[in-house]
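As you go down the protein sequences, you meet chains A and B in turn.
Following the working numbering, the residues of the first sequence are numbered contiguously, the last one being 353.
Following the working numbering, the residues of the second sequence are numbered contiguously, the last one being 238.
Single-structure report; data block below.
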Amino acid sequence: MSLQNASKDEEVVAMVKFGVEFIPQEPFWRTVFYVAQAEKGGFDNTWITDHFMNRNPYTTMAAISLYTEKITMGVGVTNPYLVNPVVTAQNIASLSEMAPNRVILGIGAGDKTTLGFLGVETSLPVRAVRECVEIARTLLSGEKVKNYDGKIFKIQKAKLAFKPSGKIPIYVGAQGPMMLKLAAKIGDGVLINASHPDDVKEAIIHLKKGAEKVGRDLSNFDVVVYTSFSTHRDRRKARKAALPVVAFIVAGCPPAILEKHGISLEKATKLKKALNEGKWDEAFSSVTDEMMEAFSICGTPEECSEKIEKMFELGVTQFVMGSPIGPKVHKAIDTISKEIIPRFKE
Amino acid sequence: MEKLKSLDPELKRFLVNLGSEQRSSLKWDLLGYLLTLKPKACAGAPIENVKLMLLYWKYDLLESDEGLGTLIEICKTLDPSKTAEILAKNGLNELAERIKG
Chain A
8 MSLQNASKDE EVVAMVKFGV EFIPQEPFWR TVFYVAQAEK GGFDNTWITD HFMNRNPYTT
68 MAAISLYTEK ITMGVGVTNP YLVNPVVTAQ NIASLSEMAP NRVILGIGAG DKTTLGFLGV
128 ETSLPVRAVR ECVEIARTLL SGEKVKNYDG KIFKIQKAKL AFKPSGKIPI YVGAQGPMML
188 KLAAKIGDGV LINASHPDDV KEAIIHLKKG AEKVGRDLSN FDVVVYTSFS THRDRRKARK
248 AALPVVAFIV AGCPPAILEK HGISLEKATK LKKALNEGKW DEAFSSVTDE MMEAFSICGT
308 PEECSEKIEK MFELGVTQFV MGSPIGPKVH KAIDTISKEI IPRFKE
Chain B
138 MEKLKSLDPE LKRFLVNLGS EQRSSLKWDL LGYLLTLKPK ACAGAPIENV KLMLLYWKYD
198 LLESDEGLGT LIEICKTLDP SKTAEILAKN GLNELAERIK G
């Protein structure tokens with residue numbers, strides 16, 4: 008499916024992909040188990056997040072590669088500030104040797120708050136991501152980066168001493184208009200962090216603008232939507248599992264986004280205060296239906312499927328189920344594999 | 138694949154006559170325990186057995202005698218009484234008693 012012909016239902020069925028995101032917070036073998044389970048259940052991709060306090064995404068993906076055979080693995084996403092693009096290229100190229108044509112490099116601006124803990128400045132994010140993509144792509148194609156004189160990176164001479172196995176697509180993690188446009192200009196795909204169709208619709212408008220600017224056809228461009236997802240046959244259980252995730256999203260959300268979704272700033276402030284004070288019950292009970300609707304996709308498999316279908320109709324080509332996935336991850340993967348994915352794939 | 142690690146013959150004796158439904162139920166009960174343990178409580182999991190478990194999972198052999206045996210070994214290391222409870226629930230009372238013992 009492409010952004011140009013998103014309305015053709017038969018193509019929606021034929022071309023859509025499903026992904027599952029994991030934050031490597033758990034022992035490595037659990038993440039590996041879940042990904043292998045997802046592969047058996049018809050998922051196409053897994054995305055492993057990159058935050059310094061969690062397990063390393065490349066180590067995690069290396070372990071995954073040993074116990075899976077076809078699922079594609081992406082770092083979703085790394086950033087140009089903490090890891091030099093040359094090292095990022097080295098990491099992903101090394102991984103490609105273990106899983107040829109099964110790896111994707113996701114690059115985004117990074118999480119300002121976590122990078123701030125390390126004293127890392129996140130200036131000129133669009134520029135930093137652009138330069139990172141340029142450098143990584145050159146190295147991954149087996150070429151030399153010579154006298155690279157960017158605003159962020161200065162590289163005199165760099166070349167990998169080994170050739171990556173297969174093609175390694177580069178996706179851009181994007182939220183704002185500028186980054187979305189950049190993704191459409193230089194990426195093989197985009198990772199959009201959004202769970203509400205209005206946000207996705209808006210993001211796709213920016214993608215189209217970016218593509219038009221460089222005269223690019225987006226027919227082979229992967230539009231990946233990263234959602235906070237929770238499913239269970241009992242909708243209350245699905246909702247309960249998603250509550251903490253949504254509470255943290257609301258607490259970190261800029262007021263403009265909250266207002267856009269009709270969320271009371273007063274309620275959001277109260278929730279944030281409760282979270283900061285560690286009053287979990289108070290915080291989670293302050294999560295409203297509007298907040299759930301804006302920042303998660305949760306419910307029974309039928310309810311979730313309807314929402315997923317809307318995403319595909321908008322032009323999304325890959326739907327990623329992110330944290331919490333369900334009250335119990337292995338059971339949720341089983342439910343998704345049996346009751347959601349088959350509705351979209353033959 | 139099943140010869141990757143020889144299973145304790147004593148343990149195998151209890152598993153060899155299990156039917157396919159019982160194997161599936163036992164597998165998911167043991168996995169359910171392992172996958173919902175608090176991450177900190179997993180620290181003592183015997184890593185070589187865990188890697189073996191992943192290999193059996195990859196090749197759909199977790200319901201074999203060796204696969205189930207490996208799962209039981211991992212669970213037993215982490216919590217013998219919980220493991221015994223799961224085994225008893227699945228009709229393996231004698232094995233449960235031995236593990237508790």
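For glycine and all other residues, C-beta sits at the position ideal for the given N, C-alpha and C.
- Neighbourhood of residue 187/B in chain A, by CB distance below 7 Å: 36, in chain order.
- The C-alpha of residue 237/A is placed about 7 Å away from the C-alpha of residue 248/A.
- Residue 204/A is a Cβ neighbour of residue 317/A, given a cutoff of 7 Å.
- Approximately 6 Å separates the beta-carbon atoms of residue 336/A and residue 41/A; this is inside 8 Å, confirming the contact.
- Think of a sphere of 7 Å around the beta carbon of residue 179/B: the chain A residues whose beta carbon falls inside it are 34, in chain order.
- Residues of the region 308 to 339 of chain A with a C-beta less than 9 Å from any C-beta of chain B: 335, 336, 337, 338, listed in chain order.
- Close to residue 214/B, with beta-carbon spacing below 7 Å, lies no residue of chain A; the smallest spacing is near 14 Å.
- Sequence-distant partners of residue 268/A (beyond 5 residues in either direction) whose C-beta falls short of 6 Å from its own C-beta, in its chain, are 301.
- When the Cα atoms are used, residue 193/B and residue 184/B turn out to be separated by approximately 14 Å.
- 7 Å or more divides the Cβ of residue 297/A from the Cβ of residue 256/A.
- Take the alpha-carbon of residue 193/A and the one of residue 154/A: they are about 21 Å apart.
- A Cβ-Cβ separation of about 20 Å leaves residue 325/A out of contact with residue 252/A under the 8 Å criterion.
- Take residue 119/A, set aside five residues on each side of it, and the residues of its chain with a beta-carbon closer than 8 Å to its own are 129, in chain order.
- Residues of chain A with a Cβ closer than 8 Å to the Cβ of residue 173/B are, in chain order, 335.
- In the structure shown, the three-state DSSP call for residue 260/A is coil.
- By the rule that beta-carbons nearer than 7 Å mark a contact, residue 167/B does not touch chain A.
- Rounded to the nearest angstrom, the gap between the Cα atoms of residue 195/A and residue 228/A is 6 Å.
- Residue contact with chain B for residue 245/A: absent (no Cβ-Cβ distance below 7 Å to any residue of chain B).
- Using beta-carbon distances, residue 176/B counts as an interface residue toward chain A, with a partner under 7 Å.
- Counted as a single uninterrupted DSSP element, the stretch harbouring residue 323/A is not any beta strand (DSSP E), since DSSP gives it neither H nor E.
- Beta-bridge partners of residue 198/A (DSSP): 180/A, 231/A.
- The alpha carbon of residue 59/A has as its nearest neighbour, out of 25/A, 108/A, 105/A, 127/A, the alpha carbon of 127/A.
- Non-local C-beta neighbours of residue 191/A in its own chain, meaning closer than 6 Å and more than five positions away in sequence, comprise 214, 217, 218, ordered along the chain.
- Going by beta carbons, residue 340/A and residue 308/A fall outside the 7 Å limit.
- The beta carbon of residue 103/A lies closer than 7 Å to those of 110, 171, 172, 173, 175 in the same chain, with the five residues before and after it left out.
- Spanning the alpha carbons of residue 182/B and residue 239/A requires a straight line of approximately 29 Å.
- Listed in chain order, the positions of the region 225 to 243 of chain A with a beta carbon within less than 9 Å of a beta carbon of chain B would be empty, since no residue qualifies.
- Proximity of the region 320 to 334 of chain A to the region 270 to 284 of chain A falls short of the contact definition, fewer than three beta-carbon pairs being nearer than 8 Å.
- Residues of chain B with a Cβ closer than 9 Å to the Cβ of residue 50/A do not exist; the shortest Cβ-Cβ separation is about 15 Å.
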